[in-house]
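S.K.: For the record, in the sequence shown the residue sitting at position 51 is 76 according to this note's numbering, with numbers rising by one throughout. Ideal placement from N, C-alpha and C gives every residue a C-beta, glycine not left out. All values reported here derive from a predicted model rather than from experimental measurement. What follows is a structure written as structure tokens; I'll ask about it next.
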Amino acid sequence: MSGLEDLLSQIPTSDIASKIGVDEGEVNKAVQLLVPVLVGGLQENAQDPEHASSIESAADNHAASGLLDGGVSLDQVNEADGMQAIAKIFGGNDAGQVASALAGGGAGNSDLLKQLLPILAPIVLAYVGKQLGQKSAPAKEEASSGGGLNDVLGSILGGMAGGNKSLGTVLGNALGSKAGEILGGLFGKK
């Protein structure tokens, strides 16, 4: 099972669908789109050593919370923390702005995306933290420079057939080139 498939398997789509009152198929489709976008956003930020350190810290904290231990319970997901994570991942843009940009590029229902982003961000961060924690001590030292983190993020995105891809490539694959360009604008890139 690839890293992306493993991460997606951790997400309780039926519970999320019940919680927000949306068809499970629609939630699953949106989750399949948003998770690579979130991981790609983390990977983009991890290029900066200061951001990489912040991502590692957040990922470690989410992993330590036990969120992924024995299956994800939505009661454990801190959506307020998820909203803060979205703003950090997407250059200060909130979940509404990110959802609007994605929906504007043909990624689906903006309201659904806006509801899912703060739920998914803590799960993705916990998964990344768990993967970092499974690395050996020398890899932890490498992780402090972003190398270990980039390896983990690249291995997750490796499930998208091709591995360590740029954010533009990830977004292009997940959303199509138009949406990739729109979301790239959230990072101040064209």
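1) Can we say the stretch 82-90 touches the stretch 117-128, given the rule of at least three CB pairs closer than 8 Å?
2) Is the beta carbon of Gln216 less than 9 Å from the beta carbon of Ile148?
3) Please state if the CB of Glu51 and the CB of Asn134 are separated by a distance shorter than 9 Å.
4) Decide if Gln156 is buried, meaning its Cβ has at least 16 other Cβ atoms within 10 Å, or exposed.
5) Indicate whether the contact test is met: 3 or more Cβ pairs, each with one atom in the stretch 107-122 and one in the stretch 51-60, closer than 8 Å.
6) Please return the same chain residues whose Cβ sits closer than 7 Å to the Cβ of Asn70, not counting the five positions on each side in sequence.
7) Is Gln140 buried or exposed, if buried means 16 or more other CB atoms sit within 10 Å of its CB?
8) Look up Ala126 in the DSSP assignment and say whether it is helix, strand or coil.
9) Can you check which of these residues, Ile41, Ala151, Asp73, Ile45, is closest to Ala110 by C-alpha distance?
10) Could you check the C-alpha separation between Leu174 and Gly183 for me, to the nearest Å?
11) Output the distance between the C-alpha atoms of Ser39 and Glu49, rounded to the nearest integer angstrom.
12) Considering only residues of the same chain and omitting the five flanking positions on each side of Asp106, which have a CB-CB separation below 7 Å?
13) Among the candidates Gly66, Leu138, Ser43, whose CA atom is the shortest distance from the CA of Val153?
M.R.: Taking the structure as given:
1) No, the stretch 82-90 is not in contact with the stretch 117-128.
2) The structure shown does not extend to residue 216, since the chain is modelled only from 26 to 215, so the question has no answer here.
3) Against the sequence shown, residue 134 aligns to sequence position 109. Against the sequence shown, residue 51 aligns to sequence position 26. Between Asn134 and Glu51, the C-beta spacing is below 9 Å.
4) What you label residue 156 is simply residue 131 of the sequence shown in a count that begins at 1. Gln156 should be labelled buried.
5) No, the stretch 107-122 is not in contact with the stretch 51-60.
6) Along the sequence shown, one-based indexing puts residue 70 at 45. Short of 7 Å from the beta carbon of Asn70, and not among the five residues preceding or following it, lie these beta carbons of its own chain, in chain order: His76, Ile80, Ile114.
7) Locating residue 140 in the sequence shown gives position 115, where the first residue counts as 1. Residue burial is scored here from C-beta neighbours: Gln140 has at least 16 other C-beta atoms within 10 angstroms and is therefore classed as buried.
8) Position 101 of the sequence shown, counted from the first residue, corresponds to residue 126. Correct three-state label for Ala126: helix.
9) Sequence index remark: in the sequence shown, residue 110 carries index 85 (1-based). Comparing Cα-Cα distances from Ala110 to each of Ile41, Ala151, Asp73, Ile45, the minimum goes to Ala151.
10) Counting from one through the sequence shown, the residue named residue 174 turns up at place 149. Counting from one through the sequence shown, the residue named residue 183 turns up at place 158. In a straight line, the C-alpha of Leu174 is about 14 Å away from that of Gly183.
11) The residue labelled residue 39 in the question sits at position 14 within the sequence shown. The residue labelled residue 49 in the question sits at position 24 within the sequence shown. Those two C-alpha atoms are separated by around 6 Å.
12) Counting from 1 along the sequence shown, the entry for residue 106 is found at position 81. Around Asp106: Pro147.
13) As a first step, residue 153 is located in the sequence shown; it is residue number 128 there, counting from the start. Answer by Cα proximity: Gly66.
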